[in-house]
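Q: Have a look at this one before I ask anything.
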Amino acid sequence: MEQIQTFSAERFVLNCRGRLLDCRPGLPTGAQVMGILNVTPDSFWDGGRYQTVDAALRRAEIMLEEGAAIIDVGGESTRPKGRIYGQGAEPVSVDEERRRVLPVIEALAQRFPEALISVDTYKPQVAQEALEAGAHIINDQTGLRLYPEMAEVAARYGAPLVLMHAVGRPGELPHEVTYTDVVAEVRASLAASVARAQAAGVVHLVLDPGFGFGKTAAENLRLVNNLDALLALGYPVLVGISRKSTIGQVLGTPEQPVPPEGRLYGTLGVTAVAVLRGATLVRTHDVRPTVEMLRLLAATLAQPRRVIATAT
Ligand code: HH2
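Under this note's numbering, the first residue of the sequence shown carries the number 98, and numbering increases by one thereafter.
Here it is in structure tokens:
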């Protein structure tokens with residue numbers, strides 16, 4: 098596998114509409130933390146908790162105090178239909194998504210001018226209005242697959258674009274996808290998304306394997322353990338592992354996964370491996386535990402390694 102020796106500032110220091118975010122591997126903080134703020138009624142973990150602007154602002158304030166660099170605002174859950182999550186999330190119209198996210202983004206931008214705000218949407222119209230309202234980053238869970246014109250919006254506003262790998266439509270994941278080589282296939286799909294974004298003139302991209310999106314638990318973990326294959330495409334890598342069902346399935350069984358409230362420590366373990374393999378952005382519901390784990394990970398890795406030869 099090819100190795101990237103240097104992480105150029107041009108690609109790994111993101112220019113977020115004039116504000117810089119260092120995403121070079123080896124950061125003293127381990128990685129940049131993106132705090133999740135779902136302003137939805139039906140997200141699998143935080144759904145229904147932050148549906149008023151006041152509640153969303155209070156939650157953002159806590160996450161920023163705990164060390165989040167980015168607040169990721171989402172107005173449509175992607176909770177898939179199926180055995181684990183039951184009915185799945187409802188699709189959301191452009192109007193409803195706008196109504197949910199725009200007032201929160203506007204209030205966040207005013208109240209916390211030092212914070213970076215990303216908008217978790219695959220709809221170009223919502224993204225554009227979110228950028229107008231003060232967002233800095235677009236987080237596209239479909240990696241430009243549904244609406245390639247999202248790339249033009251990112252290019253026009255000078256906003257970094259997160260390209261996540263997923264299959265199917267959000268909320269309607271096909272559960273029967275079979276991969277022959279999940280790492281190679283996800284990498285090839287992301288490479289195609291990168292080419293599309295570059296052609297539209299987007300400068301700053303972030304790649305995301307799409308942990309939990311139409312992949313088995315083993316495939317999700319294999320992607321994390323081979324994240325350097327995505328990093329080799331030459332852009333910073335983000336992971337969103339937080340409390341997802343893979344953690345519950347490994348701790349319990351595929352039939353009876355441990356519920357989301359019991360998935361924090363497992364999440365931290367998988368996240369540590371992701372960062373060791375080169376991820377420099379971590380999307381999480383649990384900012385303080387993640388920040389503390391990352392700091393200790395970085396402090397440990399900063400110590401010189403000495404290999405002591407053993408007698409055979
Ligand atoms: N995961 C979710 C949503 N957005 N964005 C990126 N870049 N990467 C992810 O892994 C990712 C994401 C799903 O998690 P969550 O927002 O907690 O749940 P829900 O979709 O139910 O709102």
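Note that beta-carbon positions come from the ideal geometry of N, C-alpha and C, so glycine has one too.
Only a predicted model underlies this, so the values are computations on that prediction, with no experimental measurement involved.
When DSSP labels each residue in this structure, what does V136 get in the three-state scheme?
A: In the sequence shown, the residue the question calls residue 136 occupies position 39. V136 falls in the coil class under three-state DSSP.
Q: How many angstroms separate the CA atom of S174 from the CA atom of N135?
A: Stepping through the sequence shown from its first residue, residue 174 is reached at position 77. Stepping through the sequence shown from its first residue, residue 135 is reached at position 38. When rounded, the distance between both Cα atoms is 8 Å.
Q: Taking its Cβ as the centre, do 16 or more other Cβ atoms sit within 10 Å of V250, making it buried, or is it exposed?
A: Locating residue 250 in the sequence shown gives position 153, where the first residue counts as 1. Buried.
Q: Work out the CA separation of A166 and G298 for me, nearest whole Å.
A: Along the sequence shown, read from residue 1 onward, the residue named residue 298 stands at position 201. Along the sequence shown, read from residue 1 onward, the residue named residue 166 stands at position 69. Going from the Cα of G298 to the Cα of A166 covers about 25 Å.
Q: By how many angstroms is the C-alpha of T277 removed from the C-alpha of R319?
A: In the sequence shown, the residue the question calls residue 319 occupies position 222. In the sequence shown, the residue the question calls residue 277 occupies position 180. Spanning the two alpha carbons is a distance of roughly 13 Å.
Q: Starting from the Cα of R380, find the closest Cα among S286, A292, L243, S215 and give me that residue.
A: If you number the sequence shown from 1, residue 380 lands on position 283. The residue with the shortest Cα to Cα distance from R380 is S215.
Q: Whether or not the region 302-315 and the region 324-340 are in contact is what I'm after, with contact meaning three or more pairs of Cβ atoms, one per stretch, closer than 8 Å; do they touch?
A: Segments in contact, yes.
Q: So if DSSP puts D305 in a beta bridge, which residue, or which two residues, is it bridged to?
A: Translated into the one-based positions of the sequence shown, residue 305 becomes position 208. Per DSSP, M261.
Q: In the structure shown, what three-state DSSP assignment does E269 receive?
A: Counting from 1 along the sequence shown, the entry for residue 269 is found at position 172. Strand, per DSSP.
Q: State yes or no: is the C-beta of M261 nearer than 7 Å to some heavy atom of ligand 1?
A: Within the sequence shown, the letter at position 164 stands for residue 261. True, at least one ligand heavy atom lies under 7 Å from that Cβ.
Q: Near W142, what residues of its chain come up, given a Cβ to Cβ distance below 6 Å and the 5 sequence neighbours on each side ignored?
A: Working through the sequence shown from its first residue, we reach residue 142 at position 45. The residues are R340, P357, H382.
Q: Would you say R380 touches ligand 1, meaning its beta carbon is less than 7 Å from a heavy atom?
A: Within the sequence shown, the letter at position 283 stands for residue 380. Yes, the Cβ of R380 comes within 7 Å of a heavy atom of ligand 1.
Q: Taking one C-beta from the region 341-348 and one from the region 287-297 each time, how about it: are there three or more such pairs within less than 8 Å?
A: No, the region 341-348 does not touch the region 287-297.
Q: Using a Cβ-Cβ cutoff of less than 6 Å, which residues in the same chain neighbour D139 once the five nearest sequence positions on both sides are dropped?
A: Here residue 139 refers to the residue found at position 42 when the sequence shown is read from its first residue. Only S174, A186 meet the Cβ criterion.
Q: Between which two residues does the alpha helix (DSSP H) containing D325 stretch?
A: As a working note, residue 325 is residue 228 in the sequence shown. Where D325 is concerned, the enclosing alpha helix (DSSP H) stretches over 325-328.
Q: When you measure from the CB of I234 to every non-hydrogen atom of ligand 1, does any distance come out below 7 Å?
A: The count along the sequence shown starts at 1 and reaches residue 234 at position 137. Not under cutoff, so the answer is no.
Q: Can you give me the C-alpha to C-alpha distance between Q346 and T137, rounded to a whole angstrom?
A: Within the sequence shown, numbered from 1, the residue matching residue 346 stands at position 249. Within the sequence shown, numbered from 1, the residue matching residue 137 stands at position 40. Their backbone Cα atoms lie some 25 Å apart in a straight line.
Q: Report yes or no: do the region 198-218 and the region 232-248 share at least 3 C-beta pairs separated by less than 8 Å?
A: Segments in contact, yes.
Q: To the nearest angstrom, how far is it from the Cα of P245 to the Cα of V189?
A: Along the sequence shown, one-based indexing puts residue 245 at 148. Along the sequence shown, one-based indexing puts residue 189 at 92. Those two C-alpha atoms are separated by around 19 Å.
Q: With C-beta atoms as the reference, is R195 less than 8 Å away from E226?
A: On the sequence shown, residue 195 is found 98 positions in, with the first residue counted as 1. On the sequence shown, residue 226 is found 129 positions in, with the first residue counted as 1. Closer than 8 Å, so yes.
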